[in-house]
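*Asks:* Residue numbers (my numbering): -2 to 121. Heads up, the beta-carbon is just placed ideally off N, CA and C, and yes, glycines get one too. What follows is a single structure, and I will ask about it in a moment.
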């Protein structure tokens, strides 16, 4: 998902730091780096959010107009078996884990956007 803000006069470096802090507060391993038009934050391995992959946040633009995109880079699964057949081979656990990971990703994204809205409204 991607959201844009205009005429906010926000320091993008400070915004990237705040977003990194959000992930570190949730016990993610987070790394912030500078990219061509802004910043990228990669986060993974949280005990609170059991995700099948890592989160990528990209902040692009300048202080007066910027956008933030939130992406979950899901690890590719090696098998494609129907949930019905998986339950016969102990794969019900894997299927349930996949569903919980999807639920956690929705919850994380909701928490993330709520946090970003607060930070932007406060002007950091």
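If you check the beta carbons only, do residue 47 and residue 101 fall under 7 Å apart?
*Replies:* Yes, the Cβ-Cβ distance between residue 47 and residue 101 is below 7 Å.
*Asks:* For residue 40 versus residue 25, is the C-beta spacing smaller than 7 Å?
*Replies:* Against a cut-off of 7 Å, the Cβ pair of residue 25 and residue 40 comes out as a contact.
*Asks:* Let me know the secondary structure DSSP gives residue 91 once reduced to three states.
*Replies:* Looking at residue 91 - three-state DSSP - the assignment turns out to be helix.
*Asks:* Can you tell me whether residue 103 is buried or exposed, with buried defined as 16 or more other CB within 10 angstroms of its CB?
*Replies:* It counts as exposed.
*Asks:* Quick one: using the 10 Å Cβ neighbour count with 16 as the cut-off for buried, is residue 4 buried or exposed?
*Replies:* Exposed.
*Asks:* CB residue 64 to CB residue 1, shorter than 7 Å?
*Replies:* Closer than 7 Å, so yes.
*Asks:* How far does the alpha helix (DSSP H) with residue 70 in it reach, from first residue to last?
*Replies:* Element bounds for residue 70: not the alpha helix (DSSP H) but the beta strand (DSSP E), 62 to 71.
*Asks:* Kindly list the residues whose CB is nearer than 6 Å to the CB of residue 91, restricted to its own chain and excluding five residues on each side of it in sequence; keep chain order.
*Replies:* None.
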